[in-house]
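Please read the structure below before turning to the comments.
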Amino acid sequence: MNDQKQMQKIHWEANDYDESMSFVSRFGDDLIGLLNPQVGERIVDFGCGTGDLAAQIAVKGAQVLGIDISPEMVERAREKYPGLTFECADGMNWNVDQKYDAVFSNAALHWMKDAEAAIASMTGGLKPGGRLVAEFGGYLNVADIIYAVKETLTVFGRENMFVMPWYFPTIGEYTLLLEKAGMEVRSAILFDRPTRLEGGDHGMRDWLEMFGTAMFPQVDQAEAATWIEEAVERLKPKQYDQGVWTADYRRIRIHAVIPKTNKT
Ligand code: BEZ
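Written out as structure tokens, the structure reads:
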């Protein structure tokens, strides 16, 4: 395993994720519209989490496989949707013989820091004419949160503990990678999506505990808790208003296809 792959968070508290991060799949509803699943199509949900969007795609009559690197997420998805198929797999190293009509991915690709490897997995799993419909964190996603964490680590003299666990590309960067991998990009957009966090006053702390600790994976829980409290205070003036925390999400949304024939 190379260093980049080690950055992907593997172990998750799947129940906490379902309870306090349900907005993640709620925002994916819209993306399913762009996917437009057809009856009988074979579709992969790439980084399926606890399976909610895979289940929605299946409701449209497609045959869905959900893959996720986290054993906890896959176990929870199987419990919630026993009629569907979920497998534990690394999206940066996923190989299949039988090809799919579409790869769908919501809020997962930014965890796969080796983007070329993830793209190779996705294109390798698609039939000629197959499509990729994906949304994930784009350039400057959660920049205020990252900045607050970096400042916090500096205040505690521990800036060397910071790790950037995510890949947030520009449109230009990502579409170039897709084209290099032989895909035709039909649409690509980058947009701000300020996101209201669940949990009221605890919203930002919950987010940092669930996701933010990936920025300092090498510290013990007590130190992490101190840093989280400090980062929350630093974020308050800009991200908190009357009991509501907002995270500065920015999304990149992609629709690309594998050409049926090579016309060039
Ligand atoms: C996101 O969905 O943008 C995201 C989630 C967790 C960590 C970082 C970004």
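First residue of the sequence shown? That's 0 in numbering that gives the first Met the number 0, and the numbers climb one at a time after it. Glycine residues also receive a C-beta, built at the ideal position from the N, C-alpha and C atoms.
Short of 8 Å in beta carbon distance, which residues of its chain neighbour Asp143, apart from the five on each side in sequence? Order them along the chain.
Leu234, Lys237, Gln238 and Asp247
Using only the alpha-carbon positions, how far apart do Arg195 and Leu131 sit?
28 Å
I think Gly65 touches Cys47, with their Cβ atoms under 8 Å apart; what is that distance to the nearest whole Å?
3 Å
Express the C-alpha separation of Gly198 and Ser322 in angstroms, rounding to a whole number.
It is not possible to answer for residue 322, since the shown part of the chain is limited to 0 through 263.
Is it buried or exposed for Trp244, if we count other Cβ within 10 angstroms and need 16 for buried?
buried
Cβ-based neighbour list, Glu306, same chain, cut-off 6 Å, excluding 5 preceding and 5 following:
The structure shown has nothing for residue 306, since the chain only spans 0 to 263.
Can you pull every residue whose C-beta falls closer than 6 Å to some heavy atom of the ligand BEZ, listed in chain order?
Ala106, His109, Gly136, Asn140, Val141, Trp165, Phe210 and Tyr248
Give the secondary structure of Pro127 by DSSP, where H, G and I count as helix, E and B as strand, and everything else as coil.
strand
Per DSSP, Cys87 forms a beta bridge with which residues?
Asp67
Return helix, strand or coil for His10, following the three-state DSSP convention.
coil
How far does the beta strand (DSSP E) with Leu189 in it reach, from first residue to last?
Glu183 to Arg195
Between the segment 28-43 and the segment 94-108, do three or more beta carbon pairs fall short of 8 Å?
yes
Confirm, please, whether the CB-CB distance from Trp226 to Thr151 is below 8 Å.
yes
Segment limits, alpha helix (DSSP H) that includes Phe45
Per DSSP, Phe45 belongs to no alpha helix (DSSP H); it is in the beta strand (DSSP E), Arg41 to Phe45.
Close Cβ partners of Lys259 (< 8 Å) along its chain, the five nearest in sequence each way excluded:
Pro127 and Gly128
According to the Cβ coordinates, are Thr212 and Ala221 closer than 8 Å?
no
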